[in-house]
Structures are given as C-alpha cells and as structure tokens.
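Just so you know, we're using the working numbering here: the sequence shown kicks off at 953 and counts up by one. Idealized CB from N, CA, C, for every residue including glycine. Worksheet: the structure to be examined is printed underneath.
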Amino acid sequence: MRILTASDRALLVEARDLDEAMRLNLAWDGVPGVVERIPGARTVLVRFDPLRTSASELAAVLAATEIGTGDLPSAGEVSVPVRYDGEDLDEAASLLGISADELIRRHLAADWQVAFSGFAPGFGYVVSGDPLFDVPRRSSPRTRVPAGSVALAGAFTGVYPRESPGGWQLIGRTDAAMWDIDRDPPALLSPGALVRFTRAERDAIRAGSGSPSSAGGPNPRDDRSEAPTPSDDPRSSAVEVVRPSLQLLVQDAGRPGYAALGVSASGAADRQAMRDANRAVGNRAEAAVLESVGGAVLRFHGEGVAVVTGAVGDLLLTDAQGTGRDVAPGVPFATVDGDKLTLGHPSHGLRYVIGVRGGIAAAPALDSRAADTLAGLGPAALAAGDAVAIGADAPHSVEPLPVPRALPAPGDLV
953 MRILTASDRA LLVEARDLDE AMRLNLAWDG VPGVVERIPG ARTVLVRFDP LRTSASELAA
1013 VLAATEIGTG DLPSAGEVSV PVRYDGEDLD EAASLLGISA DELIRRHLAA DWQVAFSGFA
1073 PGFGYVVSGD PLFDVPRRSS PRTRVPAGSV ALAGAFTGVY PRESPGGWQL IGRTDAAMWD
1133 IDRDPPALLS PGALVRFTRA ERDAIRAGSG SPSSAGGPNP RDDRSEAPTP SDDPRSSAVE
1193 VVRPSLQLLV QDAGRPGYAA LGVSASGAAD RQAMRDANRA VGNRAEAAVL ESVGGAVLRF
1253 HGEGVAVVTG AVGDLLLTDA QGTGRDVAPG VPFATVDGDK LTLGHPSHGL RYVIGVRGGI
1313 AAAPALDSRA ADTLAGLGPA ALAAGDAVAI GADAPHSVEP LPVPRALPAP GDLV
C-alpha cells in the first residue's frame, strides 16, 4: 500500500486493487484515533483525531496491517428482494453472452458484498466473486432512473435509493428502502455488508413503484424539513423570506461522519462567517444560520437579535412603519415584529450569513440542520413566502465583532 497525506486530519491509503481496499477498510475498524474510514475502489481515506494520534503514528499502524486472502470479514447481512423486469435485462444478458434467465440465476446465486458507497446517500457498490458480472455502462445515460431500480455497471450491482439520472444497466427493481435516516445505519447497503438478492413475489412490488415514494426509499424531499409558517402568537419568533437570493439555505457546521454512506459533510460554505455570526448573537458555535448567495429580503416575526456577516454590502433594516436605518456588518442589531432586512448585492464577497439569537430551529436530519442540496438532506432551499422558526438556545451574551474580514470585490484577482 501507499500512504499519502490528504490533510492535517486525514491520510489517503492507496491499495493494489478493490479486494485489498475492502480488506484494509474492514481491518481498521476500531483503530485508536480513527474517526472515519471512507473506502473507494482502490483507496481508503482515513480521518483521525489529531488530539488522539498523529499522522505519523497512525501511518505506522496502518502500514503494519496484515490482511489475509481468505473470505472477507463482513459487517452484517441483508436481503434485497428483486423483481427482475428491468428495461435493460435482455441487453445486459446479451452483452454477457448469456440468456436473461441465466443472468437472473447467476445474480441470485452469487455472494455479494458492499465494497463502498457513493453517488448518492445509500447507493452501495456491491461486488461478487462471480467473474461473469462485468457489464459496460449504457452508451447514453438516462435522465431519470426510478428509485428502487436494481442495476449493473462494470463489476458492480447497485440499487438507486432515489430517482436520479444514471447510466447503469437496469435489470430489476426492489421495494426495499435503501436509505432511511431513522434507521441505524441509515443505509441498508453499508460498506462491508453481505448482500443476498432474492426473487420477490410478484405482488411484493407495489403498483406505481417507479415513483420515488413507493420504490426503494423516501421521496427526495421526505427527509427534508419543511419550513414552518409564522405563528399568529406575537411571542413566536421566525424569519420569513420576502425575496430569496440566487440560493438561500439553512446551514450549520454540517454532518461529518457519514461520508462512507455517501453523505458529504456539507454545511456552511463560509464557516468563519457562520462562527462569527453565532458568536456575535451569543449562540453556540454550531447553531444554524441562513446563508445567502447574493442579496435577499427577509422579514422578522417577534422580537430578537440578528447579525449579518460574510459578504459586505448595503444592509437596510426597515420597520413596519416604513422607517429605515442602515445596519453595519458584524454588528448585532435588535429586531421587532415586522422589521424587514434588505441585503443589497454584495460589494465584497459572495455569501451573506444571517445569524439570529437562538439559532434557526429547522428540523435536524442526521444530527444536523444543514441543507445538503446534492444529497437531499435537511431543509429545502428557501423560496418567497417560506419561513423558518427561531430557537431559544443562546447561552452567551451578545458580542459585536471586530473589523470585518477583508473580502475580494468583483473583478479582484484572488
């Protein structure tokens, strides 16, 4: 193996092949100081806690690993019932030089194991010891593959956890939920798991299983929290979107630790601005904020304290009577019911971060309120008329920030 430095908290291990990468990944379960292992086709990214081990100490432990050549260790076993009626079944069989019935028989008989995850949360790349399965991808990918589709590509079998584009050969479909954030682990096909494909009863696949909500997992928005509507109670606090920006998202520090299941850490793009905003209004460092690409208009419901960090531009706070006053970046300001905040087009930087005392109280997904638009986790992008509730957890005092960071202006070379 070859061990490379990926960051001050991660090592990238290059293996000879997929088999060695799988063996190394499973062999390192429980290694002291390791916080996450992310296997790939020929690599394993090993993230570690620098307070518990150093890169050199960990590299020495990893390099000393001895792996056998027998059966791979496993991480549990799952069964996936399949109805073999995929659009590409006959074509895939022809590419392999066998009949469709023989393809199905070999697929059912093979011993499968999840090598790694990627592409989408819950999408496992599943391999077997049967050398038959080496199928080229489609020459023209589909723009829409239904959730629950069972497919072949290269040496892998995969199951689409949600509707998405894809270029794999579709051989069947399943009703098994590939991804469920209320399950532990949320991915049915997690790295190391043994997989047995079984023939589903004809009535086990519900009618209309081509829809994301009925085949292989939830609708892409099912695990995204919906924005609450401001209450008529004047004591309630919320932020309403009057005019959204190019992209307006709820963000926090993200959801690290799930990359091996196909979920990136995500979170705020400008982490420093998020931390600055939370410090300014007295929140915990990880409290959720709003992150806006460009200008937007927001209305506050109830009384509170807010701050704008990150990008620099004209900031105007207008009360319910139409009286406006300028707001300085990084300086907390009081808000009352009906106040409207207008964020002008940034003169420096790109993303505004809007922090509110108590934090944005969107529903968490996998212990984070961050909006992950690629994975479909967390609150959906905010649109005009949406509103998000404000929480009450603000353990620190309000603290004006020092001079804002120097950010580039449009046209500056960086």
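Straight-line Cα distance separating residue j from residue i
i	j	result
R1096	A1105	17 Å
R922	L1122	In this structure the chain extends from 953 to 1366, so residue 922 is not present and cannot be described.
Q1203	L1047	46 Å
V1111	D1040	14 Å
P1170	G1074	In this prediction, P1170 has a pLDDT of 37, which is less than 50 and means its spatial position is unreliable; what the coordinates show is noted afterwards. So the alpha carbons of these two residues sit roughly 12 Å apart.
G1119	P1083	21 Å
S1116	D1278	45 Å
G1247	E1054	59 Å
A1205	R1321	9 Å
S959	A1280	36 Å
A1346	I1312	11 Å
V1030	G1049	29 Å
L1213	M974	14 Å
A1044	S1092	14 Å
L1326	G1038	26 Å
A1159	D1063	Bear in mind that the predicted position of A1159 carries a pLDDT of just 34, short of 50, making it unreliable; the figure below should be weighed with that in mind. In a straight line, the C-alpha of A1159 is about 30 Å away from that of D1063.
A1237	L1003	20 Å
E1178	M953	Its pLDDT being 46, under 50, E1178 is placed unreliably in this model, and the coordinates cannot settle the point.
W1131	D1266	43 Å
V965	I955	5 Å
R1135	I1019	31 Å
Beta-bridge pairing of residue i - partner residues as DSSP gives them
i	result
D1324	L1329
I990	L997
S939	The structure shown does not extend to residue 939, since the chain spans only 953 to 1366, so no value can be given for it.
I1306	L1242, V1260
E1255	DSSP, once it has assigned bridges, lists no residue as partnering E1255.
P1298	None, per the DSSP bridge assignment.
E1029	L1146
L1201	E1243
S1216	Answer is none; S1216 lacks a bridge partner.
W1131	A1139
F1108	A1105
R954	E966
D1278	L1268
Same chain, Cβ closer than 6 Å to residue i, five either side skipped, listed in chain order
i	result
L1353	D1228, A1232, G1282
A1317	I1133, D1175, L1329, G1330
S1056	Here residue 1056 turns out to be Ile, not Ser, going by the sequence shown. Once the five neighbours on either side are set aside, the close Cβ partners of I1056 are Y1036.
G1076	V1066, S1069, L1141
R1251	E1192, V1194, K1292
G1254	S1188, S1189, D1289
A1027	G1144, A1145
L1198	V1245, G1246
V992	Reading off the sequence shown, one finds Gly at residue 992, where the question assumed Val. Answer for G992: F1068, listed in chain order.
T1109	V1078
Chain C contact for residue i (CB, 7 Å cutoff)
i	result
S1197	Given the protein chain composition of this structure (a single chain), no chain C is represented.
8 Å Cβ shell around residue i - same chain, five flanking residues per side excluded
i	result
F1000	R961, A962, L963, G985, V986, V987, A1007, L1010
W980	V986, R989, V996, V998, L1014, T1017
A1256	At residue 1256 the sequence reads Gly, which differs from the Ala that was named. The answer, listed in chain order, is S1189, A1286, T1287, V1308, R1309, G1310, I1342.
V1350	A1232, V1233, G1234, V1257, P1284, R1309
P1172	Residue confidence for P1172 is low, a pLDDT of 38 falling below 50, so the modelled location carries little weight and cannot support an answer.
V1241	V1202, Q1203, D1204, A1220, M1226, A1229, N1230, V1305, I1306, G1307, V1308, G1311, I1312
G1081	A1062, D1063
Whole-number beta carbon distance between residue j and residue i, since they are thought to touch under 8 Å
i	j	result
D1324	S1216	7 Å
T1126	V1102	6 Å
A1361	H1300	5 Å
V1264	P1298	6 Å
D1222	R1303	5 Å
E1243	V1305	5 Å
T1294	V1249	5 Å
V1034	R1151	7 Å
L1268	G1262	The Cβ separation is near 17 Å, so there is no contact.
Neighbour-count burial assignment, residue i, 16 or more Cβ in a 10 Å radius
i	result
P1138	buried
G1219	buried
G1363	exposed
D969	exposed
H1059	buried
L1359	buried
G1274	exposed
A1272	exposed
T957	exposed
Cβ shell of residue i (< 7 Å), same chain only, five flanking positions each side left out
i	result
D1368	Because the chain is modelled from 953 through 1366, residue 1368 falls outside the range shown and cannot be assessed.
R994	E966, A967, D969, L970, A973
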